[in-house]
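Visitor:
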Amino acid sequence: MKVLVAVKRVIDYNVKVRVKSDHTDVDLANVKMALNPFCEIAVEEAVRLKEAGTASEVVVVSIGPKACQEQIRTALALGADRGIQIETDTMPESLNVAKLLAKVVEAEQPQLVILGKQSIDADNNQTGQMLGALLDLPQGTFASDVKVAGDKVNVTREVDGGLQTLALNLPAIVTTDLRLNEPRYASLPNIMKAKKKPLEVKTPTDLGVELKSHTRLLNVTPPAERQAGIRVSSVDELVDKLKNEAKVLRGG
Amino acid sequence: MSEYKHPLKDTEFVLNEVVGLDDLCHESGFEEINAELASAILTEAGKFGSAVLSPLNVVGDTQGVKLTEKGVEETSGFKQAYRQFAEGGWNSLIADEAFGGQGLPNVLGTAVNEIWQSANLSFGLCPLLTQGAVEAISHHGSDELKQTWLPKMISGEWTGTMNLTEPDAGTDLAAIKTRAVPEEDHYRIIGQKIFITWGDHQMTGNIIHLVLARLPDAPAGVKGISLFVVPKFLLDENGHPGKRNDVHCVSVEHKLGIHGSPTCVMSYGDNEGAIGYLVGEPHKGLSCMFTMMNCARQAVGLQGVAIAERSYQQALAYAKERLQGTNRDGSRFSIIKFPDVRRMLMQMKSSIEAMRCVALVGAASVDRAGRAQDEATRRKALARLELLTPIVKGWCTELAQEVTYLGTQINGGMGFIEETGSAQHYRDARILTIYEGTTGIQALDLVGRKTLLNRGESLAELMTEIEQTVMALEDQATLAAQGRALRKALDAGQAARRWLLDNASSDPSAAGSVSVQFMMLFGYLCGGWLMGHSALRAQTLLGAGKGDPEYLKAKLVTAQFFSEQLLPRTQASLEAIQAGSGSIMALNEDQF
Chain A
1 MKVLVAVKRV IDYNVKVRVK SDHTDVDLAN VKMALNPFCE IAVEEAVRLK
51 EAGTASEVVV VSIGPKACQE QIRTALALGA DRGIQIETDT MPESLNVAKL
101 LAKVVEAEQP QLVILGKQSI DADNNQTGQM LGALLDLPQG TFASDVKVAG
151 DKVNVTREVD GGLQTLALNL PAIVTTDLRL NEPRYASLPN IMKAKKKPLE
201 VKTPTDLGVE LKSHTRLLNV TPPAERQAGI RVSSVDELVD KLKNEAKVLR
251 GG
Chain B
1 MSEYKHPLKD TEFVLNEVVG LDDLCHESGF EEINAELASA ILTEAGKFGS
51 AVLSPLNVVG DTQGVKLTEK GVEETSGFKQ AYRQFAEGGW NSLIADEAFG
101 GQGLPNVLGT AVNEIWQSAN LSFGLCPLLT QGAVEAISHH GSDELKQTWL
151 PKMISGEWTG TMNLTEPDAG TDLAAIKTRA VPEEDHYRII GQKIFITWGD
201 HQMTGNIIHL VLARLPDAPA GVKGISLFVV PKFLLDENGH PGKRNDVHCV
251 SVEHKLGIHG SPTCVMSYGD NEGAIGYLVG EPHKGLSCMF TMMNCARQAV
301 GLQGVAIAER SYQQALAYAK ERLQGTNRDG SRFSIIKFPD VRRMLMQMKS
351 SIEAMRCVAL VGAASVDRAG RAQDEATRRK ALARLELLTP IVKGWCTELA
401 QEVTYLGTQI NGGMGFIEET GSAQHYRDAR ILTIYEGTTG IQALDLVGRK
451 TLLNRGESLA ELMTEIEQTV MALEDQATLA AQGRALRKAL DAGQAARRWL
501 LDNASSDPSA AGSVSVQFMM LFGYLCGGWL MGHSALRAQT LLGAGKGDPE
551 YLKAKLVTAQ FFSEQLLPRT QASLEAIQAG SGSIMALNED QF
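So the sequence lines, in the order shown, correspond to chains A and B. So the first sequence is numbered by full-length UniProt numbering: it starts at 1 and just counts up by one. So the second sequence is numbered by full-length UniProt numbering: it starts at 1 and just counts up by one.
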């Protein structure tokens, strides 16, 4: 069984995000970039399926400028077998990503596609669902457990009310939640091996996809800085402030 | 508890712009290694260091180690971390590919090692010692010894130790008493060794001790010492650890720092005699040790860089969050706004960056010497390696004392309180000027073997190279002041060299009296040289619109600070050197 994993290059979660002075976007110049944590979980799950003998090949695909090959290499160092980079100047929006991935799925014919449920930069939580719709494949989102059984995959989903387990027919789309697994550290020998693993570069044109913009970024502003707190002298004063200043309590 | 984050950007700058990693790899036949791969390796090692080793640093300090009936029990959590470390293949980085190593350049291994040592100095000592033992066997062991011991030491399944010191034989190894008695195809080792780092633990299935001892027919003094492999467990016919060998840890030391690293008194042959195997030729043990001494000493110098970095990160975080000033509107500000706190932080930062340059340039000289394509290049690289080694060890570890001192100072009263973590770095740093040859020994090595023995030729060559950087700096309008400062320090270096060559033979106490000042002078000079070089590279990159401008602009300032605030120390050293041995040796012993 072939598993396809989509990964995204995002700002490292340790970095304090700054907004460009003209408020057009987040400032990514000279900022440390990394593999999106949800995508890392997706890679880990695929590699575990391979180690368990369930998967025969793990293919990693990423979309973006040449620099995103770093993240593909990271995934290869974690144990994926080969990589595909779809070269674009900037990071396209979700629907374009889903269309590009759909073409890769058509060409590669994986039985299972694993994606992160969202990327920590835009937090859209859209691509997996859109991919499922475009390909008309069953989807199990927010997975905290994935078990392949014959021609089905049982996906336990983290939903508001608790856990929901779905049996999906393969091929299927799975998006990962944080508790699915704890990704390993890449070992030194695997980092060395990763640089020799095949990495194919394609363009949207190769895949016959025209990138279109459906949304427009108007402006980006940082969250308001938190104001210093004040000390109240009594419970009455607290209640008064909650009613009249914060307006979170109704008078009564 | 303080967090550790690897300063990847600075390490990459030093590797790529100061050492010239790509060129080095090309010249030295590491064809597949480049900056990109180095970055991937450093990034992953940085993650592992921060997430796995760093949280155990304070545990090692507070909990320490325990000697029980089954031997030394290491700090809880270390065993699991060590297993992950070995499984990650980190032990194999620079080791020979023929025995399962990755065969990567020493300079890259050194850069990665900084991460382990910063994250957890006590833990980091274990692989450091294993690496030393691997080198000793690799260079001097028979093929059979290599096949038997190396693969599992390189994979990290077994660890290694170095057993030199005895109660009466520290710096003076000629006094070693441990005996080795021939028996069939092996030897029986009998004696006691002290200060054995990671001499016993429960983390791995075997521990391979390298032990200096005397054969029955050994001549007296250092020419009668041989080197032996003595495993904790003898191997069965399948090569697996079997019968317990007659070597035991009988005591662990209570120390000022590095509490997580067991420092053992090892007893060999309390019963039938510990079985050992000769490494290299009889009576040549000390020269076996010498070949790896360069690497071991440089590794300890690097520990100086590493602990200084850790202390800096802690102090910087504190300086940014500690509110201890009040604005006119009543709002508070943090102590990083105070000029004197800035002075301390700048001193830490620029010292560390200069030390990192010196340590990595020293590490690169190991690659150049070991893999030179022709004899002339090899000889030149070896001379540079030998010259830089006592400077890396002596100067970096001495400077680490000052940096960790400042780290504690920035914390004010809280720095004296253990919970903030600064005190641990200060205490842990203290061993570094002592083990693997004290500062005094490094300095004697520099003035003696590395300078007087070649009539100052190695130093002259180094200073010719420094002169190039001086001229390049003077050519740049914005860096000319740094060029002048470096020239002044270079002149001091020239004068110190001349003074030593002129006075060493007429006054037998001269070299020993001035040696530490001499070493510190050349440490600052090398630091100033490479910071000057860094400034030139930063300026070029900025001009070309390459790299991170904020980082590069900060590098220019850090280099400027070094030239203004630290390089002048060379003048004071020179004056002290020129005063000679007079007042140092004038009192008779009763006058003390």
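Even for Gly, the Cβ is constructed at its ideal location relative to N, Cα and C.
Please identify, using Cβ separations under 9 Å, the residues of the stretch 68 to 90 of chain B that lie next to chain A, in order along the chain.
Guide: Result list: GLN84, GLU87, GLY88, GLY89 and TRP90.
Visitor: Do GLU157 (chain B) and ALA86 (chain B) have their CB atoms nearer than 8 Å?
Guide: In this structure, ALA86 (chain B) lies closer than 8 Å to GLU157 (chain B) by Cβ.
Visitor: Would you list the residues sitting across from LEU67 (chain B) in a DSSP beta bridge?
Guide: DSSP, once it has assigned bridges, lists B:VAL72 as partnering LEU67 (chain B).
Visitor: Spell out whether any CB of chain B is found under 8 Å from the CB atom of PRO204 (chain A).
Guide: No, PRO204 (chain A) lies away from the interface with chain B (no Cβ there is under 8 Å from its Cβ).
Visitor: Can you find the residues in the same chain that come closer than 8 Å, C-beta to C-beta, to VAL59 (chain A), ignoring five residues on each side of it along the sequence?
Guide: LYS2, VAL3, LEU4, VAL5, ALA80, ASP81, ARG82, GLY83, ILE84, GLU108 and PRO110, listed in sequence order.
Visitor: Terminal residues of the continuous alpha helix (DSSP H) containing ALA102 (chain A)?
Guide: Counting along the chain, the alpha helix (DSSP H) containing ALA102 (chain A) begins and ends at 94 to 108.
Visitor: What residues are listed by DSSP as bridge partners for HIS209 (chain B)?
Guide: In DSSP, HIS209 (chain B) forms a bridge with B:THR161 and B:VAL230.
Visitor: What are the residues that DSSP puts in a beta bridge with GLU57 (chain A)?
Guide: DSSP, once it has assigned bridges, lists A:LYS2 as partnering GLU57 (chain A).
Visitor: Check the Cβ of ASN36 (chain A) against every Cβ in chain B and list those closer than 7 Å, keeping chain order.
Guide: Per Cβ cutoff of 7 Å: no residues; ASN36 (chain A) is ~15 Å from chain B at best.
Visitor: Kindly indicate the opening and closing residues of the alpha helix (DSSP H) around ARG214 (chain B).
Guide: Unbroken run through ARG214 (chain B): none, as it is neither H nor E.
Visitor: Show which residues of chain A have a CB atom less than 7 Å away from the CB atom of LYS47 (chain B).
Guide: In chain order: TYR185.
Visitor: Can you tell me where the alpha helix (DSSP H) holding VAL153 (chain A) begins and where it ends?
Guide: Careful: VAL153 (chain A) lies outside any alpha helix (DSSP H), inside the beta strand (DSSP E) at 152 to 159.
Visitor: Rounded to a whole number of angstroms, what is the C-alpha to C-alpha distance between VAL470 (chain B) and LEU525 (chain B)?
Guide: Roughly 11 Å separates the two Cα atoms.
Visitor: Taking ALA169 (chain B) as the query, report the chain A residues whose CB atoms sit under 7 Å from its CB, ordered along the chain.
Guide: Chain A residues near ALA169 (chain B): none, gap ~38 Å exceeds 7 Å.
Visitor: Give a yes or no on whether the C-beta atoms belonging to VAL514 (chain B) and GLY437 (chain B) are separated by under 8 Å.
Guide: Cβ distance not < 8 Å, so VAL514 (chain B) and GLY437 (chain B) don't count as in contact.
Visitor: Mind the definition here: the stretch 190 to 206 of chain B touches the stretch 93 to 110 of chain B only if three or more C-beta pairs lie below 8 Å; say whether that holds.
Guide: Too few Cβ pairs lie closer than 8 Å, so no.
Visitor: Whole angstroms are fine: how far does the CA of LEU135 (chain A) sit from the CA of ALA102 (chain A)?
Guide: Approximately 6 Å, taken between the alpha carbons.
Visitor: Near GLY29 (chain B), which residues of its chain fall below 7 Å by C-beta distance, leaving aside the five closest residues on each side in sequence?
Guide: So the qualifying residues of the chain are ARG371.
Visitor: For a contact defined as C-beta to C-beta under 8 Å, what are the partners of LEU93 (chain B) on chain A?
Guide: Within chain A, the residues near LEU93 (chain B) are LEU188.
Visitor: So ASN30 (chain A) contacts chain B; which residues on that side make the cut at Cβ distance below 8 Å?
Guide: Here the neighbours are GLY547, ASP548, PRO549, GLU550 and TYR551.
Visitor: Kindly indicate which residue of B:ILE410, B:ALA274, B:ALA95 and B:GLY523 has the alpha-carbon position closest to the one of GLY493 (chain B).
Guide: For the residues B:ILE410, B:ALA274, B:ALA95 and B:GLY523, the minimum Cα distance to GLY493 (chain B) belongs to B:GLY523.
Visitor: Candidates A:SER94, A:GLU106, A:GLY116 and A:LEU49: which alpha carbon is nearest VAL7 (chain A)'s?
Guide: Nearest option by C-alpha distance: A:GLY116.
Visitor: Roughly how far, in whole angstroms, is the beta-carbon of PHE233 (chain B) from the beta-carbon of ASN271 (chain B), given that I think they are within contact range, below 8 Å?
Guide: Not a contact, Cβ separation roughly 15 Å.
Visitor: Pull out every residue of the stretch 54 to 74 of chain A whose Cβ sits closer than 8 Å to any Cβ of chain B, in chain order.
Guide: Within the stretch 54 to 74 of chain A, the qualifying residues are GLU70, ARG73 and THR74.
Visitor: Thinking just about the alpha-carbon of each residue, which of B:ALA81, B:ASN16, B:GLN476 and B:SER351 is nearest to the one in residue 611 (chain B)?
Guide: A question about residue 611 (chain B) goes unanswered here, because the residues of chain B that appear run from 1 up to 592.
Visitor: At a cut of 8 Å, does the stretch 400 to 409 of chain B reach the stretch 340 to 348 of chain B through at least three beta carbon pairs?
Guide: Taking 8 Å as the limit for Cβ pairs, the verdict is that the stretch 340 to 348 of chain B does touch the stretch 400 to 409 of chain B.
Visitor: Locate the beta strand (DSSP E) running through LYS202 (chain A), then write down its first and last residues.
Guide: Where LYS202 (chain A) is concerned, the enclosing beta strand (DSSP E) stretches over 199 to 202.
Visitor: Residues in the stretch 25 to 40 of chain B with C-beta within 7 Å of chain A's C-beta atoms, listed in sequence order?
Guide: Those would be LEU37 and ALA40, in chain order.
Visitor: Starting from GLN131 (chain B), find everything on chain A with Cβ-Cβ shorter than 9 Å and list it in chain order.
Guide: Ordered by position in chain A, no residue passes the 9 Å Cβ test against GLN131 (chain B), which lies about 14 Å from the chain.
Visitor: Please state the DSSP three-state secondary structure of MET33 (chain A).
Guide: Correct three-state label for MET33 (chain A): strand.
Visitor: If I'm right that GLY64 (chain B) touches HIS259 (chain B) with Cβ under 8 Å, what's the distance once you round it to whole angstroms?
Guide: About 4 Å; that satisfies the 8 Å criterion.
Visitor: Applying the 10 Å Cβ sphere with the 16-neighbour rule, what's the burial state of ASN169 (chain A)?
Guide: The residue is exposed, with fewer than 16 neighbouring Cβ atoms inside 10 Å.
Visitor: Cα separation between VAL557 (chain B) and TYR277 (chain B)?
Guide: One C-alpha to the other measures close to 55 Å.
Visitor: One question on the structure: do ARG300 (chain B) and THR377 (chain B) come within less than 8 Å of each other, judged by their Cβ atoms?
Guide: Residue identity check: residue 300 (chain B) is Val in the sequence provided, not Arg. Not closer than 8 Å, so no.
Visitor: On a CA-only basis, which of A:ALA34, A:SER213, A:GLU57 and A:GLY128 is nearest TYR13 (chain A)? Give me that one, please.
Guide: It is A:ALA34 whose Cα lies nearest to the Cα of TYR13 (chain A).
Visitor: So does the stretch 58 to 78 of chain B actually touch the stretch 241 to 255 of chain B, counting three or more Cβ pairs closer than 8 Å?
Guide: Enough Cβ pairs lie closer than 8 Å, so yes.
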